[in-house]
Amino acid sequence: MPPEKGKRAAAGKGAETKRKQLLLRLDPAVHEAIAKWAADDLRSVNAQIEIILRRALVEAGRDPRPKPMRGRGRPRKEPDDEAGQADGKT
Numbered sequence: 046m047p048p049e050k051g052k053r054a055a056a057g058k059g060a061e062t063k064r065k066q067l068l069l070r071l072d073p074a075v076h077e078a079i080a081k082w083a084a085d086d087l088r089s090v091n092a093q094i095e096i097i098l099r100r101a102l103v104e105a106g107r108d109p110r111p112k113p114m115r116g117r118g119r120p121r122k123e124p125d126d127e128a129g130q131a132d133g134k135t
C-alpha cells in the first residue's frame, strides 16, 4: 500500500469520528443541480451541500465557527469611563 493511502485513511478515520452523519432526502432535481454544481467546483456532493449550508448559516447570522474567548477576569475599563464614574457624571 502506498504511504499516501495509509496516511489518508488514518487521517480520514479520525475525522469521521468528529463528524455527524445525516440521512437527507432530496428531490431528484435538487440533487442533480447540486451534483452538477459540485462537479463544476471539483467537489463531492456532500462537500457542496456542507458549503451551501455553511453559507446559509453565516447569512442568517448563525455562523457555526467558534467565537474567540474573551480574556480571563474583569474587562478593562475605558479611560473615559473611569473619569466619568469618579465624578459621578455620565
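Here my numbering runs 45 ahead of the position in the sequence shown, where the first position is 1.
Even for Gly, the Cβ is constructed at its ideal location relative to N, Cα and C.
Checklist entry - What do you reckon, are the CB atoms on isoleucine 94 and leucine 69 nearer than 9 angstroms? => result Cβ atoms of isoleucine 94 and leucine 69: closer than 9 angstroms.
Next on the checklist: Could you give the first and the last residue of the continuous alpha helix (DSSP H) run that contains proline 73?
Outcome noted: Element bounds for proline 73: 73–85.
Checklist entry - Is lysine 63 helix, strand or coil when you go by DSSP? => result Three-state result, lysine 63: helix.
Checklist entry - Excluding sequence positions up to five away, which residues of its chain have a Cβ less than 6 angstroms from the Cβ of proline 48? => result Unreliable placement is indicated for proline 48, whose pLDDT of 48 sits below 50; the coordinate value is still reported in the next sentence. Excluding positions up to five away in sequence, the list is empty.
Item to check | Inter-residue CB distance, proline 109 and arginine 99 (contact presumed, cutoff 8 angstroms) | outcome: 7 angstroms between Cβ atoms; contact.
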